[in-house]
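Novice: Just so you know, we're using UniProt numbering here: the sequence shown kicks off at 39 and counts up by one.
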Amino acid sequence: KWPRGDEKTWKEALRGVATDEPAITKAIVNHVQTSLARQPHNLDELGAYQAAALSVRDNLIVNWNETQLHMTRKAPKRAYYLSLEFLMGRTLDNALLNLGLKNKYSDTINKLGFNLEDLLDQERDAALGNGGLGRLAACYLDSSASQELPVWGYGLRYQYGIFQQLIAPDGQQLEAPDPWLQNQNPWELPRLDVNYEIRFYGHSERLEGGKAVWSGGQEVLAVAYDVMIPGYETRNTNNLRLWESKPKRGFDLNSFNAGDYERAVESSNSAAAITSVLYPNDHTTFGKELRLKQQYFWTAASLADIMRRFKNLDKPITEFPDYVAIQLNDTHPTLAIPELMRILVDEEDVPWDLAWNITTNTFFFTNHTVLPEALEKWPVPLMEQLLPRHMQIVYDINFAFLQAVDKKFPGDLDKLNRMSIIEEGFPKQVRMANLACIGSRKVNGVAELHSELVRTTIMKDFVELYGVSKFANVTNGITPRRWLDQCNPGLSQLITESLKIPRNTWLKDLYKLEGLLEYAEDPAFQRKWAAVKQSNKQRLAHYVETTLGHKVNTNAMFDVQVKRLHEYKRQSLNILGVIHRYLTLKAMSAEERKKVNPKVVFFAGKAAPGYYIAKLIIRLIVNVARVINEDPDTKEYLTMFFLPDYSVSLAEVLIPASDISQHISTAGTEASGTSNMKFCLNGGLLVGTVDGANIEIAEEVGENNVFFFGHLTPAVEGLRYQHSYHPVPVEQKSPALATVLKEVSAGRFGDPGVYEPFLNTVRQHDYYLLTDDFESYIRALSMVDEAYQDRTEWIKKSIRTAAKMGKFSSDRAIQDYAQEYWNIESVKLGDVNGA
Ligand code: GPW
C-alpha cells in the first residue's frame, strides 16, 4: 500500500536517475542556476565542475537511498570496516564510470562550453589517509559496493586531510594544511539527525556482577556525514559514514553566564578539535592524547550506531554476531573491543562471559606491519584518565586471559609477560595488538610472507595458545576500476577490443585478463600496447613540464618509485643508485655514453613532518636532481625528478606511464605493498626485493618477468647481528657504494655536511641493509637496462605481466573476507525502485 498521499502524484514526480542527455543537461543547468546561483556568463570551470558533480550526486543519492531501504528490509548480516583512514582521491570520474554515464556527460558538457577532463581536474582529492593502509580501505569500499555486499565503512571526517607537501628552494620538505572542505563537498550528506554523545574522563564506579557506572567528565557530540560509494555497473550504492565532533551544546552556558567567555569557547573548541586533523604519521605511534581521543570518539560513535541498527531488528542480543561483523583496520580501532564489552555489560545487562563470547565472535583484526615502532601502545595513566571504565574492562579481560594462558602453560612467567595486554614499566602500557588479537575471531596479515611473519614473530605465543587456524592471510588487492579503467582509458579500450568481451566483464572478473596472453606474440598488438604506454609517458611529461617547467625525454625508460618516505622502503638505495649511475656516466667517454640506455627517474612521496632522516633523504633527492639535470655531459642519458605533493590523483598519472617501478624494501619489512600491483596492472615491470606481495606477483607472472635482488628475509637478522658485533667497512662490502657516500659527503650535490646524519645511518648500524644489498641492486638495474634494449621482448613481458594480475583485484580480496571471515552475502538492489 502506498504509504502517503496520492500514489499517482508521487510516482509521476519521483525522479529516477538522469541517464539521457536532455535530463543530464537540465540537471546540470538547474544546479548552475539554483544551487550555485550563477549564470552562464559568470560560470568558471570550478562552477561547472560543481554543477556537474551536484547532478551526479543527485543520482547517487537516489541509488544510495534505495540501497539503504532495501538492506533494512532484507536485514542481511552486515560487515563494517573500521578505518581511521580512507584515502579516496577524486570521486566524479569514478562515479561517472561506475554509473556508465561518462560519455553522455562528456558530450553534454561539451555543448555547455566546457571540457569534461578539465572539469575533473577541478576536484580536490579527498586525502583522509597517509598511504597504503588508507588507500586499501578505499579500494575495499569500491569492491564491496561493486559486488553488492552489505558493507559500510566507518571513519572520521577530518577538517584537514594529509598535509600538502611543498619543496623549499634548498630542497627541504615544507608542510601546508589541506583545507579540502573549503569548497563545498558534493560527495557527502550531512546527517545532523544521526548523532551520539561520547563521554571522556569522569569516573567509573563498579557495581556487583562485573557492571559499572561511568559518569561525569566531558561529553562531545558525534555527527554523521555519509559518503556515497557507488558500485560498478550496479545500482547498489554503499555508505561510508564519517563522524564529525561538535560541542554538545554550542558552548558551556554555565561558564558563559558566569562571564567566563574564554572558558566557554575553549571547551567548545576542544570538542571540535577531535576531528580537526589527520595525524600525518605512517608506521609510527605518537602517544598523543588527542589521537587517543580520536580513536575512542570514532569507535564509540560507530558502535553506538551499529548497536542501534541491530536493535531495530528486534533479535536477542546473543544473535549480534549473526548480524554484525566488524573488521579492525590495524590496531587503531581496538578500543571497539572494550567499548562493545561496556555496552553489553553496563548498558544491556549481559553477563560478562556471554558478552565476551559475543565480542570475540564479532571482531576480526588485520595487521599491516611487523615493524616494532608501529605497534601501538598507550600509557595506562592516560587511558585511566581519559577512559576510566575501559581501563577497568581491559584489566578484567587481561585477568581472565592470563589465567587461561597459565592454565595451558603453567608457570611460564616469561610467556605471561610477553602475552599480557599490559606491558610492565614506567609507565605501564596497553599493548593494542595483544588486545586486538585476544578480542577477535581471526587475525590476518596482508600477503603470504607477511602473514607467515605475523605467525612466527609478533604473534608466535598467540599461535601456540589458540592454534594456527586463528591466524590467516588475505593478500591485498586494488580496484581495477580506478587503477586501470579510470587512470588508463587507452589501455582499457585496447584490452576490451582484444579480449572481444564487454569491458564490464573483465573489470568485474580480472582473471579474464589472461586472455591477453595469446596476443603477447602478435606484433600488431605489441605495437598498440607500446603506443598506449608511449602516450601515457607523454601525459606524464606534460605534467612535469607544466608543474616543474622541465622537458622530459619520453623515449627514455621511465623508472618510478612513489610511496611514503621511510627508511625501510629504501628510497635511499634508489638515490644512491642514481648517484652511482651518474658517476659511472661521468667517467665514460662521449662515445661510450652513446650506448647507454637513457633513463628518467621519478620520485614522489611525503615524509612524516617529524621524521628527520626521511626529510633529509628528500632533500638529497631534490639536490641530486638539480645537479644531474643540468650536467651537459650526462643529461641526455640520465635525468631525475622529485614530484612534490604525491597524491592519489598524481598516482593516476604516474602509474600508467612507468616502464619499471621500484619496490625495494629490506626483506621482511614491507607487509604487502599495493602500488606494485597497480604498476604491473598497467604494464609496468617491477624491480624489487623478495618481500611482501612482490613474491606473489612473481609467482603469477613468472620470475623471468620481474627483477629480483637482495638478501632474503631469513638472512636479515644475522646481517644485523653482524653489523652490531662484527662490522665490515663499506669500502670492503661495496667499493661503489663507498665512492657514492664519499661524493655526497664531500658536497658534490651541495651542502657539505648536511647529509651526514643520513650517511651515518648507512655507515654505522645500517639497520636496513643498504650496504649488503647495494651490489646486487646495481646488478639488477643493469639487467633492467639490458632487457630494455630488446624492446619487443620488453613489451612481451609487459603484456604477460598485466595479463596475470587477476589475483590482485580487490574484488578477490573482498570475496575472501566476505566468505572466510564475515560470512556475508550479496544483496542486489533490483532495477526499479528497490524491487
Ligand atoms: F604501520 N601500512 C601503511 F601497519 O600504509 F599501520 N601505513 C601504516 O601505518 C601501516 C601499514 C601500519 C601499509 C603497509 O606498509 C603496506 O605494506 C600495505 O600494503 C598496506 O598497509 C595495506 O595493507
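C-beta atoms are modelled at their ideal positions from N, C-alpha and C, and glycine is treated no differently.
Run through DSSP, which three-state label would THR275 get?
Specialist: Within the sequence shown, residue 275 is the residue found at index 237, counting from 1. Here THR275 sits in strand by DSSP.
Novice: Provide the residue span of the alpha helix (DSSP H) that contains ASP96, from first to last.
Specialist: Taking the sequence shown and counting its residues from 1, the one referred to as residue 96 is at position 58. Segment 83-112, the alpha helix (DSSP H) holding ASP96.
Novice: Using 8 angstroms for Cβ pairs, my map puts TYR87 next to GLN160. What's the rounded Cβ distance?
Specialist: The count along the sequence shown starts at 1 and reaches residue 87 at position 49. The count along the sequence shown starts at 1 and reaches residue 160 at position 122. Rounded, the Cβ-Cβ distance is 4 angstroms, consistent with contact.
Novice: Sorted by chain position, which residues of the same chain lie with C-beta nearer than 7 angstroms to LYS326's C-beta, five sequence neighbours on each side aside?
Specialist: Position 288 of the sequence shown, counted from the start, is the residue given in the question as residue 326. For LYS326, where only same-chain residues beyond five positions count, there are no Cβ hits under 7 angstroms.
Novice: What's the gap between the Cα of ALA818 and the Cα of SER685?
Specialist: Counting from one through the sequence shown, the residue named residue 818 turns up at place 780. Counting from one through the sequence shown, the residue named residue 685 turns up at place 647. One C-alpha to the other measures close to 28 angstroms.
Novice: So, using beta-carbon positions, are ALA309 and ARG427 closer together than 7 angstroms?
Specialist: Taking the sequence shown and counting its residues from 1, one reaches residue 309 at position 271. Taking the sequence shown and counting its residues from 1, one reaches residue 427 at position 389. Contact: no.
Novice: Starting from ARG838, trace the alpha helix (DSSP H) both ways and give me its first and last residue.
Specialist: By 1-based counting over the sequence shown, the position of residue 838 is 800. Unbroken alpha helix (DSSP H) run through ARG838: 829-841.
Novice: So with Cβ pairs under 7 angstroms, would you call THR146 a contact of chain C?
Specialist: Absent here is chain C; the protein component of the structure consists of one chain.
Novice: Considering only residues of the same chain and omitting the five flanking positions on each side of PRO761, which have a CB-CB separation below 7 angstroms?
Specialist: Counting from 1 along the sequence shown, the entry for residue 761 is found at position 723. Residue identity check: residue 761 is His in the sequence provided, not Pro. Cβ neighbours of HIS761 beyond the five flanking positions: HIS803, ASP804.
Novice: Determine the extent of the alpha helix (DSSP H) in which ARG664 is found, giving its start and end residues.
Specialist: Indexing the sequence shown from 1 puts residue 664 at position 626. Per DSSP, ARG664 belongs to the alpha helix (DSSP H) from 650-667.
Novice: Between ARG479 and ASN405, which are expected to be in contact by the criterion C-beta below 8 angstroms, what is the C-beta distance as a whole number of angstroms?
Specialist: Numbered from its first residue, the sequence shown carries residue 479 at position 441. Numbered from its first residue, the sequence shown carries residue 405 at position 367. So it is not a contact: roughly 14 angstroms between Cβ atoms.
Novice: The ligand GPW: which residues have Cβ under 6 angstroms from any of its heavy atoms, chain order?
Specialist: Cβ-based neighbours of the ligand GPW within the cut-off: ASN168, GLY169, GLY170, LEU171, LEU174, ASP320, HIS321, ASP368, HIS406, THR407, ALA412, VAL484, ASN514, GLU708, ALA709, SER710, GLY711, THR712, GLY730.
Novice: Would the beta-carbon of SER864 fall within 7 angstroms of that of LEU187?
Specialist: Counting from one through the sequence shown, the residue named residue 864 turns up at place 826. Counting from one through the sequence shown, the residue named residue 187 turns up at place 149. Yes, Cβ-Cβ distance for SER864 and LEU187 is below 7 angstroms.
Novice: Which residue's Cα is closest to the Cα of GLN365: TYR119, SER699, ALA753?
Specialist: Looking up residue 365 in the sequence shown gives position 327. Taking only the C-alpha atoms, the option nearest GLN365 is TYR119.
Novice: Look at the alpha carbon of LYS140 and the alpha carbon of PHE500, and state the distance between them as a whole number of angstroms.
Specialist: Residue numbering aside, residue 140 sits at position 102 when the sequence shown is read from its first letter. Residue numbering aside, residue 500 sits at position 462 when the sequence shown is read from its first letter. Their Cα atoms are separated by approximately 50 angstroms.
Novice: If we ignore side chains and look at the alpha-carbon of each, how far apart do GLN441 and MET457 end up?
Specialist: If you number the sequence shown from 1, residue 441 lands on position 403. If you number the sequence shown from 1, residue 457 lands on position 419. So the two alpha carbons sit approximately 11 angstroms from each other.
Novice: DSSP state of GLY193, grouped into three classes?
Specialist: In the sequence shown, counting from the first residue as 1, residue 193 sits at position 155. Of the three classes helix, strand and coil, the one that applies to GLY193 here is strand, per DSSP.
Novice: Grab the span of the alpha helix (DSSP H) containing TRP544 for me, first residue to last.
Specialist: As a first step, residue 544 must be located in the sequence shown, where it is residue number 506. TRP544 -> alpha helix (DSSP H) spans 541-546.
Novice: In the DSSP assignment, find the unbroken beta strand (DSSP E) run with ILE236 in it and report its ends.
Specialist: Mapped onto the sequence shown, residue 236 falls at position 198. Residues 226-238.
Novice: In this structure, what does DSSP give as the bridge partners for GLY505?
Specialist: As a first step, residue 505 must be located in the sequence shown, where it is residue number 467. Paired residue(s): none; GLY505 is not in a bridge.
Novice: Pull the bridge partners of GLN202 from the DSSP assignment, please.
Specialist: Within the sequence shown, numbered from 1, the residue matching residue 202 stands at position 164. DSSP output for GLN202 lists ALA214 as bridge partner(s).
Novice: Could you give the C-beta distance for LEU724 and SER699, rounded to a whole number, given that I count them as a contact under 8 angstroms?
Specialist: On the sequence shown, residue 724 is found 686 positions in, with the first residue counted as 1. On the sequence shown, residue 699 is found 661 positions in, with the first residue counted as 1. Correct: roughly 6 angstroms between the Cβ atoms.
Novice: Please classify TRP394: is it buried, with 16 or more other beta-carbons within 10 angstroms of its beta-carbon, or exposed?
Specialist: What you label residue 394 is simply residue 356 of the sequence shown in a count that begins at 1. Answer is buried; the Cβ neighbour count reaches 16.
Novice: Give the range of the beta strand (DSSP E) segment to which ILE698 is assigned.
Specialist: Position 660 of the sequence shown holds residue 698. Start and end: 698-701.
Novice: Measure the CB-CB distance between PHE596 and SER696 and report whether it falls below 7 angstroms.
Specialist: Reading the sequence shown from its first residue, position 558 is the one you call residue 596. Reading the sequence shown from its first residue, position 658 is the one you call residue 696. Cβ atoms of PHE596 and SER696: closer than 7 angstroms.
Novice: Which runs of the beta strand (DSSP E), 3 residues or longer, sit entirely within the stretch 700-737?
Specialist: Listed in chain order, the complete beta strand (DSSP E) runs (minimum 3 residues) inside the stretch 700-737 are 723-727.
Novice: When you compare only the Cα positions, how much space is there between VAL634 and PRO670?
Specialist: As a working note, residue 634 is residue 596 in the sequence shown. As a working note, residue 670 is residue 632 in the sequence shown. Whole-angstrom Cα-Cα distance: 15 angstroms.
Novice: Return the first residue and the last residue of the beta strand (DSSP E) that VAL484 is part of.
Specialist: By one-based count along the sequence shown, residue 484 stands at place 446. Careful: VAL484 lies outside any beta strand (DSSP E) and carries neither H nor E.
Novice: Apart from the five residues just before and just after HIS321, which ones in its own chain have a Cβ nearer than 7 angstroms to its Cβ?
Specialist: By one-based count along the sequence shown, residue 321 stands at place 283. Cβ within range, chain order: THR407, LEU409, GLU411, ALA412, HIS604.
Novice: For the alpha helix (DSSP H) holding LYS415, just list the boundary residues, first then last.
Specialist: For this step, residue 415 is matched to residue 377 along the sequence shown. First-last for LYS415: 415-417, but that is the beta strand (DSSP E), not the alpha helix (DSSP H).
Novice: Hey, how far is the Cα of ILE476 from the Cα of PHE439?
Specialist: Along the sequence shown, read from residue 1 onward, the residue named residue 476 stands at position 438. Along the sequence shown, read from residue 1 onward, the residue named residue 439 stands at position 401. So the alpha carbons of these two residues sit roughly 8 angstroms apart.
Novice: For the beta strand (DSSP E) containing SER253, name the first residue and the last one.
Specialist: Your numbering for residue 253 matches position 215 in the sequence shown. 250-253 is the extent of the beta strand (DSSP E) around SER253.
Novice: Could you check whether ALA510 and ALA117 sit closer than 7 angstroms to each other, using their CB atoms as the reference points?
Specialist: The residue you call residue 117 lines up with position 79 of the sequence shown. The residue you call residue 510 lines up with position 472 of the sequence shown. No, these two residues do not count as a Cβ contact at 7 angstroms.
Novice: What do you get for ILE539, buried or exposed, if any count of 16 or more other CB atoms within 10 angstroms of its CB means buried?
Specialist: Position 501 of the sequence shown holds residue 539. ILE539 comes out exposed.
Novice: Starting from the C-beta of HIS370, find all residues in its chain whose C-beta is less than 7 angstroms away, skip the five residues before and the five after it, and write them out in chain order.
Specialist: What you label residue 370 is simply residue 332 of the sequence shown in a count that begins at 1. The answer, listed in chain order, is LEU122, GLN333.
Novice: Do residue 19 and PRO224 have their C-beta atoms closer together than 7 angstroms?
Specialist: Nothing about residue 19 can be reported from this structure: the residues present for the chain run from 39 to 873 only.
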